[in-house]
Every structure is written in structure tokens, then in C-alpha cells.
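Enquirer:
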Amino acid sequence: MRTPLTSLGAALALAVAATGCGVDTTDTPTSGTPPPTASGSTIVGVTPGTLAADQTPPTGTNGIRYLDGRLWIADYAGNQLLVADAETGGILARFGAEAGVTGGPDDLVLGPDGTVYWTAFTGGGVGHLTLDGRSRTIAALPPGTNPIAWSTDGTLYVGEAVTADGLYEVTPPEGGQTSAPAPRTISDAVGNVNAFDVGPGGLIYGPNYVDQTGTVVAIDPADGAVTTIADIPGYPTALRTIDDHRLLVLANLPSALYEVDLSTLPAADDPNPPEDPRATVTPRGDV
Numbered sequence: 296m297r298t299p300l301t302s303l304g305a306a307l308a309l310a311v312a313a314t315g316c317g318v319d320t321t322d323t324p325t326s327g328t329p330p331p332t333a334s335g336s337t338i339v340g341v342t343p344g345t346l347a348a349d350q351t352p353p354t355g356t357n358g359i360r361y362l363d364g365r366l367w368i369a370d371y372a373g374n375q376l377l378v379a380d381a382e383t384g385g386i387l388a389r390f391g392a393e394a395g396v397t398g399g400p401d402d403l404v405l406g407p408d409g410t411v412y413w414t415a416f417t418g419g420g421v422g423h424l425t426l427d428g429r430s431r432t433i434a435a436l437p438p439g440t441n442p443i444a445w446s447t448d449g450t451l452y453v454g455e456a457v458t459a460d461g462l463y464e465v466t467p468p469e470g471g472q473t474s475a476p477a478p479r480t481i482s483d484a485v486g487n488v489n490a491f492d493v494g495p496g497g498l499i500y501g502p503n504y505v506d507q508t509g510t511v512v513a514i515d516p517a518d519g520a521v522t523t524i525a526d527i528p529g530y531p532t533a534l535r536t537i538d539d540h541r542l543l544v545l546a547n548l549p550s551a552l553y554e555v556d557l558s559t560l561p562a563a564d565d566p567n568p569p570e571d572p573r574a575t576v577t578p579r580g581d582v
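Residue numbers (the working numbering): 296 to 582.
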């Protein structure tokens, strides 16, 4: 059953609430983010409980991640990364050009050591905000660099969307190094796949929008093979895994949040597939 939410604001509110419940935390194995190994590591400039002097809200929120009561936000239009208190919404810190954050931050993930990896949509490439509060480019990629996600084995996947459709594997720097090996190209044509996540079996699941048609696709990172697994009304823009068989998909035009249950999807040779494997999570939590 599908029941669209009343507004995108409601969908976003639920997405943020779900983030705090484990949809997008760094200590959830199915979230596509490896568990932190340096508990308590804090980037210089971020002081829990202390608000920044500048409380101007983000002007173009794109990527968002949750860790230890804080929301890390990629503000594309504001050309900055923000840290906000997840409970109060107060801005704790911001990192812009003075910290090396430029090029239109679009999405981000948190590293196992408390650092932040982020994508630059306008400028291209992957930046690494380290514990000293400075960001450095670790992977040179074309403009359009957009989604980014960890696998549970520590592999970092980065894609292009909207203006390009490549998929890459990026190796983070090790041992305090500031540079990394050149990205490995998995495919240069996976489609317009936006904010994706790594789910069951190590497959990359993401929202795809091509020729005014929205879908959820599964990508095999071994060879870049793309399989469509569900149709999504409107313009799907983001996806997160909940557990070993459920995905949450945020869409716009119309605004709605959908749940895709992988356990209900038919096998490739199933002659009697379910009519509709999709469902919407309502603000009350009903499916």
C-alpha cells in the first residue's frame, strides 16, 4: 500500500527522525558506514553543547549524516559543511572556504576515525575534512561528483549524478597521509543515480531518474551492472538502508517517502511478481 506524505517537509522531518533511530548512523552495520574506531574523536572547531556565533541556517541542504547527537550537513548552495545539534537544531560549527571546503559540497560520509569525506558537485572530486579542521582533496573527479557511501568492509564508493553518471571506488589516505591512490573507475554509465547506499550483499542501491522516470536500482560494484528493482513515482533523490531487506527512498514531485522491501521482490524468473512492492512510511510510522 502506498500513502504519500502531505509535504516534503514532513518527509524530511521523518527522514531526520529516522536518522536518529539508526537509518544513517555510523554504528549501524547496514547503514553503509563502518563503525567508528576512534570513539570520542572530534574535529577541531566542533564543541558539543557550544553553539557557533553564526547561527545562519543552511541555504541548500543536500547530504546529511548523524553521529553522537550531531548532524553533519552538506550545504551545497552555501558552499560549506555544517554541524548541528540533532536535538535543538543549533549550529555547532561551520567549515567553508577558510577550511578548504569549496566546489559545492553535495554529500558526505563520516569516517571510522571521526573525519568527514565529502563530494564537490560543482568543482568535482572528494574532499577529506580531518581532525585538524582542514579539508584536502583526496580524489580528483569530474564536476557532477555527488553520492558517496561506505560498504561495511570499508570500501568508499563515489558516484556522479545529474550532469554525469560515473561510479568510482576511492581509497582513503592511510596513516596520516594527505593523498590517496587514483580512484578506480567501476563504470562510466550507471545512469543518473543520486544519494545511494550500500545494502545487502554489498550491492549499491540508489534512486535513479532518467527520461522522467523514477526507479530504484541495484549496482554490482564488481562490474557496474545495473538492475532496476522498483518503480518510484516522481523524482527519487535519496536512499538509505534500514536493515538487511528494507530501503527508504525520498522522492520529490510528488513529495513522498517510500519503503522498498527487498524480501518481497520477485526473482528474475518469477512469472507472478507482486503488483507493487512499494509502501510509504507515514509521519506516525505506519507502512
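No residue lacks a Cβ here, since even glycine has one placed at the ideal position from N, Cα and C.
Output needed for residue 487: all residues of its chain with C-beta closer than 8 Å, excluding positions within five of it in sequence on either side, in chain order.
Expert: Excluding positions up to five away in sequence, the list reads 456, 457, 460, 503, 504 and 505.
Enquirer: Helix, strand or coil for residue 405 per DSSP?
Expert: Strand.
Enquirer: Between residue 522 and the rest of its own chain, which residues show a CB-CB distance below 7 Å, the 5 nearest in sequence each way excluded?
Expert: Answer for residue 522: 512 and 513, listed in chain order.
Enquirer: Please report the distance separating the alpha-carbon of residue 334 from that of residue 367.
Expert: For residue 334, the pLDDT reaches just 46, beneath the cut-off of 50, and the residue's location in the model is therefore unreliable, although a value from the coordinates is still provided. So the two alpha carbons sit approximately 17 Å from each other.
Enquirer: CB residue 603 to CB residue 378, shorter than 7 Å?
Expert: Given a span of 296 to 582 for the chain in the structure shown, any question on residue 603 remains unanswerable.
Enquirer: Which residues does DSSP list as the beta-bridge partners of residue 424?
Expert: In the DSSP output, where bridge partners are listed per residue, residue 424 has 411 and 430.
Enquirer: The beta strand (DSSP E) that contains residue 390, what's its start and end?
Expert: Element bounds for residue 390: 386-390.
Enquirer: For residue 383, count neighbouring C-beta atoms within 10 Å of its own C-beta (all shown protein chains included) and say buried if the count is 16 or more, exposed if not.
Expert: Exposed, by the Cβ-count rule.
Enquirer: Could you check what DSSP says for residue 495 in three-state terms: helix, strand or coil?
Expert: The answer is helix: DSSP assigns residue 495 an H, G or I state.
Enquirer: Among the residues of its own chain, which have a CB less than 7 Å from the CB of residue 356, if the five just before and after it don't count?
Expert: Excluding sequence neighbours, residue 356 sits near 368 and 370.
Enquirer: Please determine, among 448, 341, 466 and 402, the residue with the shortest C-alpha to C-alpha distance to residue 427.
Expert: The shortest C-alpha separation from residue 427 is found at 341.
Enquirer: Starting from residue 463, trace the beta strand (DSSP E) both ways and give me its first and last residue.
Expert: Its beta strand (DSSP E) spans residues 462-465.
Enquirer: Mind checking whether residue 433 and residue 468 have CB atoms under 7 Å apart?
Expert: In this structure, residue 468 lies closer than 7 Å to residue 433 by Cβ.
Enquirer: If you draw a straight line from the alpha carbon of residue 398 to that of residue 410, how long is it in whole angstroms?
Expert: Taking the straight line from one Cα to the other gives about 19 Å.
Enquirer: Is it buried or exposed for residue 339, if we count other Cβ within 10 angstroms and need 16 for buried?
Expert: Looking at its Cβ environment, which holds fewer than 16 other Cβ atoms inside 10 Å, residue 339 is exposed.
Enquirer: Whose CA, out of 363, 380 and 405, lies closest to the CA of residue 350?
Expert: Residue 350 has its Cα closest to that of 380, out of 363, 380 and 405.
Enquirer: Short check: CB of residue 527 to CB of residue 544, under 7 Å?
Expert: Cβ atoms of residue 527 and residue 544: closer than 7 Å.
Enquirer: Could you pull the start and end residues of the beta strand (DSSP E) that residue 509 belongs to?
Expert: Segment 508-514, the beta strand (DSSP E) holding residue 509.
Enquirer: Closer than 8 Å by C-beta to residue 495: which residues in its own chain qualify, once you throw out the five before and the five after it? Chain order, please.
Expert: Within the same chain, residue 495 has close Cβ partners 325, 536, 539, 540 and 557.
Enquirer: Tell me, please, which residues DSSP counts as bridged to residue 400.
Expert: According to DSSP, which records beta bridges pairwise, residue 400 is partnered with 415.
Enquirer: In the DSSP assignment, find the unbroken beta strand (DSSP E) run with residue 375 in it and report its ends.
Expert: Residue 375 -> beta strand (DSSP E) spans 375-380.
Enquirer: Tell me the residue span of the beta strand (DSSP E) that contains residue 558.
Expert: Element bounds for residue 558: n/a, residue is neither H nor E.
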